[in-house]
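Okay, so here's the structure we're looking at.
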Amino acid sequence: MKPSIILFLIATGFSFLSCDNAKTDKNIKMYTQVWDDIVNKGDIDKINTTNFDENITAISSPENIVGIENFKAYYQNFITGFSDIKFTVVDVFGEGDNIMKHWNFKGKHTGDFFGIPPTGKQVDIEGVTITKMKNGKIAQEQDFMDNTVFMQQLGIASSPENVSLINSLYNFFAVGDIPNVLANLDANVVWNEAEGNTYADKNPYIGPDAVLNGVFVRLGNDWNDFKLTDIKLHEMSNNQVLATLRYNGTYKKTNKPINAQVAHLWTLKDGKVTAFQQFVDTKQLANAEKK
């Protein structure tokens, strides 16, 4: 092959590569600016046929979101659902009409979000979006993020640490380590004994000291061999844990034993117990206390 032909082919290849890079750079610049305007500036009307293909598709489950109006309505939930929004493109790169971005979304849930009423929770979530462009417009998007973490931050789904924390409290109680039980209670914990229980006379107990003096000290003074048995923990929504168990012990003044059915409902936030509600067979307790 003649050198002139080789040089022509090389030059042509570089020309195509240069054009492709220029196209990708243009797509990325447009794409990044549009989403900055939509999310950070709240300019939802940037979702239009100038920036998006008329058949824009968000790959989603159980069904895709198709068309400008549906796509716009979907993202309106983020604009009206959150305040103090900060949307950051951590990294973005592409090839031809394909773009991938790594993003971070921060905001405070102060409005309706897909039917979820405001929780006042702060969210800080990261994800990745794969995008396809068509004729310089955004044609298809698919988001990848940890929805479980997102729901946990909103307080809708429970933290996976809740059950293990409550289990540790029962273990501390079993060996008489009350200081560690109290250390896992929020400073303003709201503690309620079951109605009809003798210790419900000062409901609600607010704060660890109140729980110590109003419940735990009295338990130690009133009962011999007081134990919690057959403990089963059940993870609930809204950062709650339900415990089903039994109380065993002997009331000191009457020497009468109990084997009572019990349920405890624990509410947690940020790794601390914020509320406790006891449910117990109070008739059995009253019979044991009765001379």
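So for the sequence shown, our numbering puts the first residue at 887; every next one is plus one.
Even for Gly, the Cβ is constructed at its ideal location relative to N, Cα and C.
Buried/exposed call for residue i, threshold 16 Cβ in 10 Å
{"i": "Q1147", "result": "exposed"}
{"i": "N1066", "result": "exposed"}
{"i": "Q1026", "result": "buried"}
{"i": "N1074", "result": "exposed"}
{"i": "V925", "result": "buried"}
{"i": "F1184", "result": "Nothing can be reported for residue 1184, as the shown portion of the chain is limited to 887 through 1177."}
{"i": "T1017", "result": "buried"}
{"i": "D939", "result": "buried"}
Pairwise C-alpha distance: residue j and residue i
{"i": "L1131", "j": "F1102", "result": "18 angstroms"}
{"i": "T943", "j": "I985", "result": "15 angstroms"}
{"i": "A1096", "j": "H995", "result": "33 angstroms"}
{"i": "T1178", "j": "A1069", "result": "Look at the range of the chain in this structure, 887 to 1177, and you will see that residue 1178 is not part of it."}
{"i": "P1090", "j": "N1078", "result": "5 angstroms"}
{"i": "D998", "j": "Q962", "result": "10 angstroms"}
{"i": "V1009", "j": "K1139", "result": "53 angstroms"}
{"i": "F1165", "j": "N1134", "result": "15 angstroms"}
{"i": "N1053", "j": "A1129", "result": "9 angstroms"}
{"i": "Y960", "j": "W1152", "result": "35 angstroms"}
{"i": "I1002", "j": "I933", "result": "24 angstroms"}
{"i": "D922", "j": "K987", "result": "13 angstroms"}
{"i": "L1105", "j": "A1086", "result": "13 angstroms"}
{"i": "W1109", "j": "F991", "result": "53 angstroms"}
{"i": "V978", "j": "Q1126", "result": "39 angstroms"}
{"i": "E955", "j": "S1045", "result": "35 angstroms"}
{"i": "T935", "j": "P948", "result": "25 angstroms"}
{"i": "A897", "j": "N937", "result": "Reliability fails at A897, whose pLDDT of 45 lies under 50, so the model's placement of it is uncertain and no value is given."}
{"i": "N1048", "j": "L1114", "result": "19 angstroms"}
{"i": "I1144", "j": "A1174", "result": "7 angstroms"}
{"i": "F1162", "j": "M1037", "result": "23 angstroms"}
{"i": "G907", "j": "D983", "result": "In the sequence as displayed, the identity of residue 907 is Asn instead of Gly. Roughly 10 angstroms separates the two Cα atoms."}
{"i": "G953", "j": "M1019", "result": "15 angstroms"}
{"i": "T1015", "j": "H1120", "result": "35 angstroms"}
{"i": "G1062", "j": "S1123", "result": "30 angstroms"}
{"i": "T1168", "j": "I945", "result": "55 angstroms"}
{"i": "T1034", "j": "I1011", "result": "11 angstroms"}
{"i": "F1058", "j": "Q1039", "result": "28 angstroms"}
{"i": "I930", "j": "P1004", "result": "21 angstroms"}
{"i": "K909", "j": "V976", "result": "21 angstroms"}
{"i": "M1031", "j": "F964", "result": "15 angstroms"}
{"i": "V1076", "j": "N950", "result": "44 angstroms"}
{"i": "A1080", "j": "I1092", "result": "15 angstroms"}
Beta strand (DSSP E) segment containing residue i, residue limits
{"i": "V1014", "result": "1008-1020"}
{"i": "F991", "result": "984-995"}
{"i": "V1127", "result": "1126-1137"}
{"i": "N937", "result": "It is not in any beta strand (DSSP E) - N937 carries neither H nor E in the DSSP assignment."}
{"i": "V1148", "result": "1142-1155"}
Range of the contiguous alpha helix (DSSP H) that encloses residue i
{"i": "A874", "result": "The structure shown does not extend to residue 874, since the chain is modelled only from 887 through 1177, so no value can be given for it."}
{"i": "E1081", "result": "First-last for E1081: undefined, no H or E at that position."}
{"i": "V1103", "result": "1103-1108"}
{"i": "T1034", "result": "1033-1040"}
Residue i in three-state terms, based on DSSP
{"i": "E1175", "result": "helix"}
{"i": "P1094", "result": "helix"}
{"i": "S1050", "result": "helix"}
{"i": "T974", "result": "strand"}
{"i": "V1166", "result": "strand"}
{"i": "I954", "result": "helix"}
{"i": "I924", "result": "helix"}
{"i": "I896", "result": "Below a pLDDT of 50, predicted positions are generally treated as unreliable, and I896, at 40, falls in that range; the measurement from the model is reported next regardless. Helix, per DSSP."}
{"i": "F1059", "result": "helix"}
{"i": "G980", "result": "strand"}
{"i": "N1089", "result": "coil"}
{"i": "T1160", "result": "strand"}
{"i": "D1029", "result": "strand"}
{"i": "I930", "result": "helix"}
{"i": "I964", "result": "The amino acid occupying residue 964 in the given sequence is Phe; Ile does not appear at that position. Correct three-state label for F964: helix."}
{"i": "T910", "result": "helix"}
Whole-number beta carbon distance between residue j and residue i, since they are thought to touch under 8 angstroms
{"i": "Y917", "j": "I1064", "result": "With a Cβ gap of about 58 angstroms, Y917 and I1064 do not count as contacting."}
{"i": "D1156", "j": "T1136", "result": "Rounded, the Cβ-Cβ distance is 38 angstroms, inconsistent with contact."}
{"i": "T1160", "j": "D1072", "result": "5 angstroms"}
{"i": "E993", "j": "F957", "result": "Correcting the residue identity first, residue 993 is Gly in this sequence and not Glu. Not a contact, Cβ separation roughly 20 angstroms."}
{"i": "L1171", "j": "N1083", "result": "6 angstroms"}
{"i": "G1006", "j": "I914", "result": "With a Cβ gap of about 36 angstroms, G1006 and I914 do not count as contacting."}
{"i": "I1117", "j": "Y1056", "result": "6 angstroms"}
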